[in-house]
Amino acid sequence: MTKFSIVIPVYNVEKYIGKCLDSVFKQDYKNYEVIVVNDGSTDKSMDIVKKYDVKIVNSKHKGVSSSRNLGVKEATGEYLLFLDSDDYYEKGLLKKISKELEEGLDLLRFQVRNVYDDIENIDFNEKPFNKTTGEKAFNKIINYHYIESVWCYAIRRDYWIKEKFTFKEDTVHEDYGLMPLVIIKAKSVKSISFIGYNYYRRNGSIMNTPSYSWTKKKVKDFYEHYKYLIQEIETTNINSLYFKSFVSNSLILKICELKGKDYKKYKRLLKEEKVYENLLDDTVSRKIKKVALKCSPKLYYKIMKG
C-alpha cells in the first residue's frame, strides 16, 4: 500500500512549483504518490508540473480549500500530507516520519521553518512528545500558535474519512477552521522534533496581501470558522474547556487587525456572543488577562508586545 499521499494545490506559482516538487522527488523515501490539483492556473505552472510523475486533478479556480478537498478524494495512501506549492520539504522528511509512525497513529506532527527573502530564517523548535490522546496533545500544541497549520502533520487517511473532515471552501484561514477538531478528536497523536517543512513567507502571497479589504475578509472568515468550531465541539463528549479558550483567544487576537468602527463592531459582537466567557480563568494571570481582553484587546496586546 502507498504510505503517503501528498496533496499539492497549484495556482499560478511557476516561480516556485519546481523547487516544491523537487523537494518531494529528491526524498530518499519513495513510497508515496503526489496529487497536484490545478486550481485553474493561467501561467506556466502546469507545464512544469507535467515534467514530474504526479497525478493531476484539474479544476476551476476555487481556492486552496477546494483543491485540498479534491486532492483527498483522489488519495490512496495510508497517510495524507498537505504541501503548499510555494513551500518545500526538508531533505529526509519522508524517511524520518515513516520511521516515527506507529501502528494506528492518527496524527504525526513535525516541525516548521519560516523562510524569508530578506531576513534570517526562523526555526520553530517546539517540544516533541510521545504518543498521547488528541485531547492531551491539543493542550500541549496550543501553547505555540494561534493557528495550527495542516501541512506540518501526517494524518491517517482512514481517520480523516471516518470523521468526514473537509476544509471550508471560499474562505481563508481554513486551517484554523478545521485543525483544532482534527487534533482534539484524534485517538493518538505524536510530535517529533525534526524540522521538515519549509514555509516560504513570500511577499505578495495570498495571506500576506496588505489591502485592508483583504484584512476584513480574513477576520470575517475567522469569525465564521470560530462559530463552526464551537458548534462542532459541542457535539462531542470531549472536555472542551481548553479548546474553547484556544479558539476564542485566537479570534480575539485576530480582530485586533481591524481599524476604527470595524474593530469596535467585532469587539461588541464578541461580547454579545460571549466569546470572552470562554477564556480560562483558573489562575491569577489568566483572570487578569480575561478582564483586560474584555476591556480592550488591542491595548492588552500592545502592552504585551512591550
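As numbered in the numbering used here, residues 91 to 396 make up the sequence shown, in order. Glycine is no exception: its CB is placed at the ideal position from the N, C-alpha and C atoms.
Task: Secondary structure of G396, DSSP reduced to three states - done: coil
Task: Contact check, H315 vs K355, beta carbons under 8 Å - done: no
Open item on the list: Please return the same chain residues whose Cβ sits closer than 6 Å to the Cβ of V262, not counting the five positions on each side in sequence.
Closed with: K308 and D311
Open item on the list: Quick check on DSSP: helix, strand or coil for I273?
Closed with: helix
- [ ] Report back the beta-carbon spacing between G153 and D177 to the nearest angstrom; my notes put them in contact at under 8 Å.
- [x] Not a contact, Cβ separation roughly 17 Å.
- [ ] Drop a sphere of 10 angstroms on the beta-carbon of G267, count the other beta-carbons inside from all chains shown, and report buried for 16 or more, exposed for fewer.
- [x] buried
Task: Outcome for F115 when other beta-carbon atoms lying within 10 angstroms are tallied against a minimum of 16 - done: exposed
TODO: Check whether the Cβ atoms of V103 and S188 sit closer than 8 Å, and answer yes or no.
DONE: no
TODO: Return the chain-ordered list of same chain residues with a C-beta closer than 7 Å to the C-beta of E216, the five sequence neighbours on each side being excluded.
DONE: Q201 and Y234
Task: Residue nearest to I273 in terms of C-alpha spacing, selected from N288, I282, W250 and Y289 - done: Nearest C-alpha to I273: W250.
Open item on the list: On the DSSP letters alone, give me the boundaries of the beta strand (DSSP E) that A244 sits inside.
Closed with: Per DSSP, the continuous beta strand (DSSP E) segment holding A244 begins and ends at Y243 to R246.
TODO: Identify whether S340 lies in helix, strand or coil by the three-state DSSP scheme.
DONE: helix
Open item on the list: Using CA atoms only, rank isn't needed, just tell me which of C110, K93, Y101 and M91 is closest to Y290.
Closed with: C110
Open item on the list: Rounded to whole angstroms, what is the Cα-Cα separation between L198 and I320?
Closed with: So the alpha carbons of these two residues sit roughly 25 Å apart.
TODO: Could you spell out where the alpha helix (DSSP H) holding L360 opens and where it closes?
DONE: G350 to E362
TODO: Hey, could you find the ends of the beta strand (DSSP E) G224 is sitting in?
DONE: Where G224 is concerned, there is no enclosing beta strand (DSSP E), although the alpha helix (DSSP H) it sits in stretches over G224 to I231.
Open item on the list: Please report the straight-line C-alpha distance between K53 and I328, rounded to a whole angstrom.
Closed with: The displayed coordinates of the chain run from 91 to 396. Any statement about residue 53 would go beyond what the structure contains.
TODO: With DSSP as the reference, label K221 as helix, strand or coil.
DONE: Of the three classes helix, strand and coil, the one that applies to K221 here is strand, per DSSP.
Task: I125 - containing alpha helix (DSSP H), residue span - done: That residue, I125, is in no alpha helix (DSSP H); its beta strand (DSSP E) goes Y122 to D129.
Task: Short Cβ contact (8 Å threshold) for Y332 with N229 - done: yes
Open item on the list: Restricting to Cα atoms, I'd like to know which of L370, D213 and K140 is closest to S283.
Closed with: D213
Task: L191 versus G224: straight-line alpha-carbon distance, rounded - done: 16 Å
Task: Residue interval of the alpha helix (DSSP H) (run including I285) - done: It is not in any alpha helix (DSSP H) - I285 instead sits in the beta strand (DSSP E) that spans V279 to Y290.
- [ ] Please say whether V144 and V124 have beta carbons closer to each other than 8 Å?
- [x] yes
TODO: Spatial neighbours of G182 within its chain, please: CB distance less than 6 Å, with the 5 preceding and 5 following residues excluded, ordered by chain position.
DONE: A distance below 6 Å between beta-carbons, with the five flanking residues on each side excluded, links G182 to no residue of its chain.
- [ ] Compute the Euclidean distance between the alpha carbons of R247 and V365, then round it to the nearest angstrom.
- [x] 33 Å
Task: Among K140, K384 and A244, nearest to V97 - alpha-carbon criterion - done: A244
Open item on the list: Residues in the same chain with beta-carbon distance under 6 Å from T256, minus the five sequence neighbours each way, listed in chain order, please.
Closed with: Cβ neighbours of T256 within its own chain (closer than 6 Å, five residues either side excluded): N159.
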